[in-house]
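Right, one structure below, let's go through it.
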Amino acid sequence: MRILQEGRAEYLKVDPDGYRAHVREHKPHQMVSKLMTHREAVEKLVRDGDYIAYDCNYFQRGPASLIREVIRQKKRRLWVCGKFTYVACALLVEGGCADRIDIGFIGFGPWIARAVREKKCTINEYSNAIMTLRLKAGAMGLPFLPARSFGGTDGFERSGCKLVEDPYTKQPIILVPAINPDVALIHVHQADEYGNARVFGTGIAHQECALASRRVIVSAEEIVSTEEIRRDPARTSIPHFAVDAVVHAPFGAYPGTVQGYYACDPPGVVEAMGAMYRGDFTEYLNKHVYSVGSHEEYLEKVVGAAKIAEIRRRETIREGYCI
Amino acid sequence: MRILQEGRAEYLKVDPDGYRAHVREHKPHQMVSKLMTHREAVEKLVRDGDYIAYDCNYFQRGPASLIREVIRQKKRRLWVCGKFTYVACALLVEGGCADRIDIGFIGFGPWIARAVREKKCTINEYSNAIMTLRLKAGAMGLPFLPARSFGGTDGFERSGCKLVEDPYTKQPIILVPAINPDVALIHVHQADEYGNARVFGTGIAHQECALASRRVIVSAEEIVSTEEIRRDPARTSIPHFAVDAVVHAPFGAYPGTVQGYYACDPPGVVEAMGAMYRGDFTEYLNKHVYSVGSHEEYLEKVVGAAKIAEIRRRETIREGYCI
Amino acid sequence: MSTPAANFNEREHVICQIARLVEERYIYWVGGGGEPLSAALLAKQVHAPNLQYLTEDGVVGPEPLVPFDPLMTMIAARANYRALQWQTMNYAADVAHLGYVDYGILATLQVDRYGNVNSTVVGKYEGGEGRRFGGPGGADTIAALAWRTILVTDQQKRKFVERNDFISSPGFLDGPGARERAGLPPGTGPWRVYTPWAMFGYDIDCQLMLQGISPFVTVDQVLEEMSFRPKIAPKLERLEVPTEEELMVLRTKIDVAGQVTDRGRWIEHRDGKYVFADR
Amino acid sequence: MSTPAANFNEREHVICQIARLVEERYIYWVGGGGEPLSAALLAKQVHAPNLQYLTEDGVVGPEPLVPFDPLMTMIAARANYRALQWQTMNYAADVAHLGYVDYGILATLQVDRYGNVNSTVVGKYEGGEGRRFGGPGGADTIAALAWRTILVTDQQKRKFVERNDFISSPGFLDGPGARERAGLPPGTGPWRVYTPWAMFGYDIDCQLMLQGISPFVTVDQVLEEMSFRPKIAPKLERLEVPTEEELMVLRTKIDVAGQVTDRGRWIEHRDGKYVFADR
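Protein chains in written order, with numbering that gives the first Met the number 0: chain A, 0 to 322; chain B, 0 to 322; chain C, 0 to 278; chain D, 0 to 278.
See below:
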């Protein structure tokens with residue numbers, strides 16, 4: 000199987016055996032309660048220099064409250080899995096937390112552009128689906144997966160992908176390197192205290208993120224009983240043994256939506272987008288991150304009960320989002 | 000990526016481009032009604048010499064009624080995807096329909112053993128999960144997938160797998176060739192007339208079989224409306240565009256079980272197993288296949304209303320098997 | 000209701016052109032916003048109620064409840080309402096790998112002679128000097144795996160260039176056979192490029208060819224807004240202006256807030272001709 | 000209730016040995032029937048109610064309703080009752096690839112010096128001359144990917160051979176480093192082999208070592224029923240006979256029809272000793 004062409008970018012070391020050893024030694028094989036606060040979970044599980052993945056984004060069923068906590072705790076030198084995201088990635092870079100991004104799609108405002116020019120931020124190029132495929136390889140315990148896209152692009156040379164000769168068809172085919180992120184943040188509709196979690200509706204790669212990542216924080220709109228999980232096992236998107244922390248985060252995706260639970264808050268979305276396009280999140284971070292000490296306080300003081308009632312009311316569709 | 004070792008067995012030609020062309024030209028992209036009888040579906044879609052895959056088996060949510068119809072129509076020279084199966088494969092061989100088997104696990108009675116000795120039946124060696132991984136490769140439109148099992152076995156040399164040097168870790172890794180079966184038989188709990196299908200509970204590889212196969216026959220316990228399918232899109236296991244025929248087959252898995260709908264019929268199971276171990280299905284085939292012209296007549300004359308009531312009654316668990 | 004409109008803008012015009020291409024017998028993967036999604040939603044409202052499309056989040060064949068909240072085009076209840084299937088991104092990519100996606104519809108920042116797509120940078124990539132954008136997102140998967148890709152962009156000199164500043168997603172790359180050499184499935188690639196002023200196809204040598212023109216511009220105006228001279232079809236198709244019905248649906252049900260269409264110049268019908276309105 | 004039984008058969012004895020190894024802090028992938036599944040079900044009933052196991056059909060952590068209908072050990076409502084997750088075979092394989100499966104429990108037709116597994120043929124493979132069996136099924140995946148594999152077979156000369164007639168699933172293959180050279184994950188492999196008469200482990204050189212013996216046989220009897228001489232541990236563990244409680248659960252809740260245990264000789268307690276019953 001000849002290698003025809005190789006990307007030149009640095010990529011997270013491919014080490015399925017190291018990941019297996021981590022899973023054996025550090026993942027909670029037995030069912031143990033993992034309920035903790037945002038602060039505890041991020042203090043315990045997000046470390047400076049981590050490769051970090053989060054599923055969905057700041058506007059759609061994303062772990063917005065956990066991302067705010069990561070910024071609040073001033074984590075540093077994170078390497079971001081920048082798939083299907085917008086301001087979340089920009090917030091992490093402008094919040095001083097991240098300096099490397101594997102790009103599928105991000106909100107690339109003037110601030111990140113400047114950071115790149117000033118060599119304060121490194122970019123590697125992929126696509127959204129190539130990034131989710133890399134996570135899938137990681138979630139299958141494999142070093143790589145083949146793909147039939149991404150070849151021929153200028154991104155390829157700036158990635159960790161390879162073009163090889165397929166030993167079966169003798170045709171050229173792309174290989175993508177697995178990612179096993181150091182930490183993943185995933186927001187779900189429901190989880191039990193052990194981390195058995197349910198996502199309703201479509202998603203990006205929540206199961207892949209959970210199974211591929213060394214440390215997994217699940218934030219959930221609702222904490223349900225394990226009895227409830229067992230009542231409909233086909234609905235379990237993420238198994239407990241992949242999860243290291245469960246955080247109860249009602250409205251955790253605010254200002255974004257959680258399908259079937261609440262709508263987005265358009266002014267809140269516009270406020271974040273505007274700050275990103277202006278290339279100045281200072282005001283936004285002060286108001287939405289630094290002015291409060293916790294997600295609970297954020298809901299109380301910044302979002303407010305009326306807004307919460309409104310976004311609940313505006314989400315009129317329940318069909319398919321409850322059991 | 001050096002090839003270190005290669006299996007010597009013949010395997011279904013790996014041709015993802017040919018499969019793409021088939022999907023473009025012959026798969027029903029638009030929603031069209033595909034309701035037909037067992038006879039029509041098998042006449043139209045199962046051809047002599049086909050590589051045939053069926054999901055599950057003769058005792059567990061398998062397409063038992065379709066397999067009986069294939070035998071009734073005297074299809075010939077089938078190449079069987081023999082994963083997680085028992086008597087279904089034996090029936091196809093002893094019914095004169097099949098002469099090649101890729102083995103994961105089958106009911107290997109004296110009859111097949113004799114056929115192999117007499118060179119009337121060819122065997123290739125894999126494992127159940129290697130066969131479902133081959134189907135997954137086919138369902139992903141890829142020529143191969145890597146795996147970390149099957150290496151070092153005596154089956155490897157009698158397979159189409161390869162041991163190569165992983166270009167990322169430089170360690171040896173197994174590659175399995177994709178399969179795109181000519182035809183697949185899949186029994187499900189519910190389907191609409193277009194082929195949007197729901198499987199409840201665990202399974203082997205129903206979605207992979209459907210997406211990987213050129214011609215797909217879905218038999219369903221219940222035909223439901225598309226409105227019902229759209230009511231809970233997360234429950235759709237198989238999308239309509241992968242399906243070529245929808246057959247209404249209540250109790251289609253008899254003598255096997257359909258989880259949550261009806262239990263197996265122990266005497267019926269024992270009768271089939273006994274015939275297999277004796278190496279003589281003559282009597283069984285006469286009674287269960289040739290004595291009737293259709294599944295409906297089979298239920299009426301061979302199974303009977305009392306038995307049907309009994310297996311329904313004996314399945315007391317509904318939880319998780321209905322919406 | 001299908002009377003030609005007397006007042007519309009360039010964006011509305013190009014969305015209608017693309018919407019009219021959409022047929023119920025094909026499966027579409029539509030970029031999750033902007034003109035591509037607006038065109039699909041318009042088609043579904045006006046002439047193709049049974050249209051089936053996918054977006055990146057793995058939704059299959061939704062019956063969307065329009066209009067959507069701003070940016071809520073994927074992983075959102077109204078956008079994904081009453082779909083045939085809810086899955087995730089890798090599933091959408093699998094379906095495209097398999098060849099089920101007949102058409103992809105994409106927006107691009109630039110398009111070159113070979114129909115390559117740029118959503119990464121305008122200007123120089125190295126050193127971050129150029130103006131940087133979000134990246135390929137889902138476009139690379141669509142452009143690589145859909146049988147036919149429809150691109151939409153603006154008719155501007157800096158957007159029609161000899162060679163894109165960056166190839167984020169593949170067109171014909173550098174000509175015949177290049178896609179296959181890069182590992183992409185054969186028989187796929189760009190099919191049309193639409194701008195508010197014109198429609199382009201591709202010649203057998205994979206090069207852009209002007210095939211249609213809007214009634215409010217001339218061929219020379221189009222060529223002036225290109226950095227290279229494309230081939231020109233012997234006979235040019237006239238791109239019919241939006242109908243009142245299309246505009247009504249677009250303005251009242253799809254782009255109510257004008258997020259997609261509030262750009263570009265206005266056209267009016269004056270003295271029997273379509274001309275740019277002086278505003 | 001934990002009084003030693005006075006009457007039991009070989010099969011019941013070996014199932015109890017394996018059941019006693021099972022701990023709640025580990026995840027098990029259990030062969031979908033026979034002694035392996037019976038041992039897991041027995042453990043769950045007797046001392047490890049929170050035991051989590053997978054079977055090939057992608058069930059995760061069920062609370063099975065025993066007993067099952069004949070052969071209905073997978074893809075069946077009672078077997079998969081109130082699981083934590085319902086998936087499919089490739090998912091089970093992914094979980095094993097990832098290293099979540101601490102122990103695999105498997106039956107084998109033969110075992111050789113290096114603990115390889117045969118479920119394909121006894122005798123010559125070529126020409127179909129040997130006695131043919133169903134194939135590896137899920138055993139290869141378990142034996143390749145579980146951190147530790149527990150095998151169960153019979154104590155018979157033709158079952159303990161220098162080299163298996165066929166390696167369906169990997170033990171240590173032909174010794175140290177062989178698994179890694181074959182592409183299998185490091186640190187995995189066989190851990191124990193149980194027969195009704197004895198228990199074997201492995202030496203650092205990956206060779207079978209006799210480590211335990213049942214009270215109703217002698218070491219010489221065990222060695223007579225092997226075609227090769229294994230290493231022998233300096234001190235042999237005594238394999239305690241089934242307790243009344245274990246037998247009661249096994250006979251009334253798990254193997255009610257005797258499909259698993261209706262083979263092998265009976266043992267009785269006579270004159271203070273466990274001896275084979277003359278039947």
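By construction, the Cβ of each residue, glycine as well, lies at the ideal position given by its N, Cα and C atoms.
Item                                                                                                                              : Value
Per-residue burial, B/Glu68 [other beta carbons within 10 Å of its own, 16 or more giving buried]                                 : buried
Three-state class that DSSP yields for D/Arg264 in the structure shown                                                            : coil
Interface residues of chain C facing B/Ala233 [CB-CB closer than 7 angstroms]                                                     : Trp85
Of the listed residues D/Ala92, D/Lys272, D/Val29 and D/Pro175, nearest to D/Thr148 (C-alpha basis)                               : D/Val29
Beta strand (DSSP E) runs contained entirely in the segment 54–124 of chain B, provided each spans 3 or more residues             : 77–81, 97–102 and 121–124
CB contact flag (C/Arg10, C/Pro195, <8 angstroms)                                                                                 : yes
Proximity to A/Tyr276 [Cα-Cα], best of A/His28, A/Asn127, A/Trp110 and A/Tyr261                                                   : A/Trp110
Neighbourhood of B/Ala274 by C-beta distance below 6 angstroms, restricted to the same chain and skipping five residues each side : Phe280 and Tyr283
Where B/Phe199 meets chain A, residues with beta-carbon distance less than 9 angstroms                                            : Ala233
Any non-hydrogen atom of the ligand COA within 7 angstroms of A/Ala308 CB                                                         : Absence of the ligand COA is noted for the structure shown, with no ligands found whatsoever.
Selection from D/Glu62, D/Leu246, D/Phe227 and D/Asn89 that minimises the alpha carbon distance to D/Val160                       : D/Phe227
Chain B within 8 angstroms of A/Ile237, Cβ atoms only                                                                             : no
Under 8 angstroms between C-beta atoms of D/Ile17 and D/Tyr193                                                                    : yes
Cβ of D/Asp56 within 8 angstroms of any chain B Cβ                                                                                : yes
Selected residue, minimal CA-CA separation from C/Gly133, among A/Arg311, A/Lys135, A/Gly154 and A/Glu314                         : A/Gly154
C-alpha distance - B/Val246 paired with B/Gly194, whole-angstrom precision                                                        : 9 angstroms
Same chain, Cβ closer than 8 angstroms to A/Arg7, neighbours up to 5 away in sequence not counted                                 : Glu156 and Arg157
Residues that D/Asp101 contacts on chain A, provided the C-beta gap is smaller than 9 angstroms                                   : Arg23 and His28
Chain B within 8 angstroms of D/Ala76, Cβ atoms only                                                                              : yes
Sequence ranges, alpha helix (DSSP H) only - wholly within the segment 198–267 of chain B, length at least 4                      : 205–211 and 225–230
Top-ranked residue by Cα proximity to C/Ile266, from C/Ile203, C/Glu239 and C/Arg180                                              : C/Glu239
Rounded straight-line distance, which links the Cα of C/Gly103 to that of D/Lys123                                                : 56 angstroms
Alpha helix (DSSP H) runs contained entirely in the segment 169–241 of chain C, provided each spans 4 or more residues            : 177–180 and 218–223
Partner residues on chain B for D/Lys172, Cβ-Cβ distance less than 8 angstroms                                                    : Note that residue 172 of chain D corresponds to Leu in the displayed sequence, not to Lys. Simply Gly151.
Interface residues of chain A facing B/Leu174 [CB-CB closer than 9 angstroms]                                                     : Met0, Pro166 and Tyr167
Min CB distance B/Phe143 to chain A below 8 angstroms                                                                             : yes
Close Cβ partners of C/Arg112 (< 8 angstroms) along its chain, the five nearest in sequence each way excluded                     : Glu161, Arg162, Gln206, Leu207, Phe227 and Pro229
Reduced DSSP secondary structure (H/G/I, E/B, other) of B/Tyr10                                                                   : coil
Below-8 angstroms beta-carbon distance, C/Arg180 vs any chain A residue                                                           : yes
Simplified DSSP assignment, three categories, for D/Asp139                                                                        : helix
Assigned exposure category for A/Asn285 - 16 Cβ within 10 Å defines buried                                                        : exposed
Contact set between B/Glu318 and chain A, taken where Cβ atoms lie within less than 7 angstroms                                   : Arg230
C/Arg81 versus D/Thr119: straight-line alpha-carbon distance, rounded                                                             : 49 angstroms
Below-8 angstroms beta-carbon distance, C/Tyr80 vs any chain A residue                                                            : yes
Within 7 angstroms of chain C by C-beta, residues of the segment 60–82 of chain A in sequence order                               : Arg60
DSSP state of D/Tyr124 mapped onto helix, strand, coil                                                                            : coil
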